[in-house]
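In this note's numbering, the protein residues as written are 125 to 209. All C-beta atoms, glycine included, are put in the ideal place defined by N, C-alpha and C. Read through the structure below, which is laid out as structure tokens, and then see the notes.
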């Protein structure tokens, strides 16, 4: 009977270690999946920010052109420019 209980104890220890290894492996896989998701999310955020910056630059350029045009028209109206720029 002692051999049977010792065998059961060894089986339990082995099963516990296998479970522990599987849990660590599953945890490692989950961690890697999370890391990959974080990397992809960071790339998407960077691309979105880049797109936003480009849009802001386009708006800035348009506003700058509009202001330059208004200043030129104001100077022309006031007689400081001859309209031949």
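Under the three-state reduction of DSSP output, residue 131 falls in the helix class. When rounded, the separation of the alpha-carbon atoms in residue 182 and residue 162 is 30 Å.
Here residue 167 has no same chain residue with a Cβ atom under 8 Å from its own Cβ, once five neighbours each way along the sequence are excluded. When secondary structure is reduced to three states using DSSP, residue 203 falls in the coil class, being assigned neither helix nor strand.
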